[in-house]
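> Have a look at this one.
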Amino acid sequence: MEAITRDFFLFLSKNNLLNNIAKKRGGSFAAGKIIGGTDFQSSIKFIKQLNESGLLVTVDHLGEFVDSEEVTRERTAECIETIEMISREKLNSQVSLKMTSLGLDIDHKLVIENMTKILDTAEKHNVMVTIDMEDEVRCQATLDIFKQFKEKYSCISTVLQAYLYRTEKDLSDLAQYKPFLRLVKGAYKESPEVAFPEKADVDENYKKLIEQSLLNGNYTAIASHDDQIIEYTKTLAKKHNIPNSMFEFQMLYGMRSKTQLELVKQGYQMRVYVPYGLDWYGYFMRRLAERPSNIAFAFKGMVKS
Ligand code: FDA
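Here the working numbering = 1-based position in the sequence shown + 152.
Given below as structure tokens:
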């Protein structure tokens, strides 16, 4: 039953018609519950509050699978503006973005051009930019882009997904770049040809990757709401005397807020992923796929709006 619900929401996450309806309805229903706001400006106050409570932030301008060159250029300009505002407002925040929002599905040259503009600004303001990882068919292209830019820029990081069979090798191949990495379980619908179908195998692989990444000396973000994974990381760090400054925990905004603050109290670095913008539909459907109990609070929000 759990697998059927998951597949259902992952299927819905790619429905263009529903996505357009969600955009037109505006973000009022999602804002403040699973996203920071409908634009970056309206999220600033809120990010400051998170920073004041000891939480680090990464912001994500929602939007993916963009098929218009013009829209990718708009996204690039918005991202640059966001980085400049982070610097101006002295926010303790990084930026996360998806390569399909910058033209990965349109033209390789276009993504490179857009990313160059973004990273020039990020480097100038010392704001870290993390390339989110999307579905498996785009994994190699995304890693190639990361490697190309990592040669020139220090303010770039990317994500590896524990559910993919290929990830252990990807992590070894990336070692020479001394990368900043975010490790996650993986959020897309993948076939058993490329990804572990069983959750227990994903969890085991996740632990293996955390160990490999930390022992390689990579600065590692462990992005999970799973207590088992969090406890594993703490124990591993203690066993190998890995200082808290070499890793951080990350969680999505709206999920496990008390645990986030508890980790800060315990002396760990904790970063909250705060999405903003009108394009919240695909993001929201993936969150429902991960945890159907989110449905209850989502529908409560819908009735209110
Ligand atoms: P999982 O969903 O496997 O749950 C395990 C257990 O954790 C549950 O059984 C429960 O006990 C507990 N738990 C989970 N959620 C809870 C909640 N809300 N409240 C209480 N308990 C809860 N994916 C991707 O493919 N590409 C990417 O770039 C990113 N980026 C990213 C950034 C950040 C900051 C995060 C946190 C996640 C991502 N992801 C992602 C999503 C990721 O791949 C994954 O789908 C989700 O984090 C869900 O997996 P978890 O490890 O959180 O636990």
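Heads up, the beta-carbon is just placed ideally off N, CA and C, and yes, glycines get one too.
All of these numbers come straight from a predicted model, not from anything done at the bench.
1. I'd like to know if Asp378 contacts chain D, where contact means its C-beta is closer than 8 Å to some C-beta of that chain.
2. DSSP state of Gln300, grouped into three classes?
3. Is the closest heavy atom of the ligand FDA to the C-beta of His377 under 7 Å?
4. May I ask you to list the residues that DSSP assigns as paired with Arg423?
5. Return yes when the C-beta of Asp431 is under 7 Å from any heavy atom of the ligand MN, and no when it is not.
6. Measuring alpha carbon to alpha carbon, tell me which of Gln201, Asn393 and Ala375 ends up nearest Arg408.
7. What does a CB cutoff of less than 8 Å around Asn244 pick up in its chain, not counting 5 residues either side in sequence?
8. Excluding the 5 residues preceding and the 5 following Ser253 in the sequence, name in chain order all residues of the same chain whose CB lies nearer than 6 Å to its CB.
9. Per the DSSP calculation, Ser248 is bridged to which residue(s)?
10. The ligand FDA and Tyr425: does the residue's C-beta get closer than 7 Å to at least one heavy atom of that ligand?
11. Drop a sphere of 10 angstroms on the beta-carbon of Gly369, count the other beta-carbons inside from all chains shown, and report buried for 16 or more, exposed for fewer.
12. Does Ser309 come out as helix, strand or coil in the three-state DSSP assignment?
13. Here's the rule I'm using: 16 or more other beta-carbon atoms within 10 Å means buried, otherwise exposed. How should Met437 be labelled?
14. If you draw a straight line from the alpha carbon of Met422 to that of Val279, how long is it in whole angstroms?
15. May I ask whether a heavy atom of the ligand FDA can be found less than 7 Å away from the beta carbon of Glu442?
So, from the listed chains and residues:
1. Of the protein chains in this structure there is only one, and it is not chain D.
2. Here residue 300 refers to the residue found at position 148 when the sequence shown is read from its first residue. Secondary structure of Gln300 (DSSP, three-state): helix.
3. The count along the sequence shown starts at 1 and reaches residue 377 at position 225. His377: yes, Cβ under 7 Å from the ligand FDA.
4. By one-based count along the sequence shown, residue 423 stands at place 271. According to DSSP, Arg423 bridges with Leu208 and Gln402.
5. In the structure shown, the ligand MN is absent; the only ligands present are the ligand FDA.
6. Position 256 of the sequence shown, counted from the first residue, corresponds to residue 408. For the residues Gln201, Asn393 and Ala375, the minimum Cα distance to Arg408 belongs to Ala375.
7. On the sequence shown, residue 244 is found 92 positions in, with the first residue counted as 1. Excluding sequence neighbours, Asn244 sits near Asn203, Leu208 and Val209.
8. As a first step, residue 253 must be located in the sequence shown, where it is residue number 101. If we look at Ser253 and ignore the five residues flanking it on each side, its Cβ neighbours are Gly215, Glu216, Val218 and Arg227.
9. Counting from one through the sequence shown, the residue named residue 248 turns up at place 96. The partner list for Ser248 (beta bridge, DSSP) reads Asp212 and Thr282.
10. On the sequence shown, position 273 is the one that residue 425 refers to. Checking the Cβ of Tyr425 against the ligand FDA gives yes.
11. Reading the sequence shown from its first residue, position 217 is the one you call residue 369. Answer is exposed; the Cβ neighbour count stays below 16.
12. Taking the sequence shown and counting its residues from 1, the one referred to as residue 309 is at position 157. For Ser309, the three-state secondary structure derived from DSSP is strand.
13. Stepping through the sequence shown from its first residue, residue 437 is reached at position 285. When all chains shown are included, Met437 counts as buried.
14. The sequence position of residue 422 within the sequence shown is 270, counting from 1. The sequence position of residue 279 within the sequence shown is 127, counting from 1. Looking at the two C-alpha atoms, the distance is approximately 17 Å.
15. Sequence index remark: in the sequence shown, residue 442 carries index 290 (1-based). It does: the Cβ of Glu442 is within 7 Å (strictly closer) of some heavy atom of the ligand FDA.
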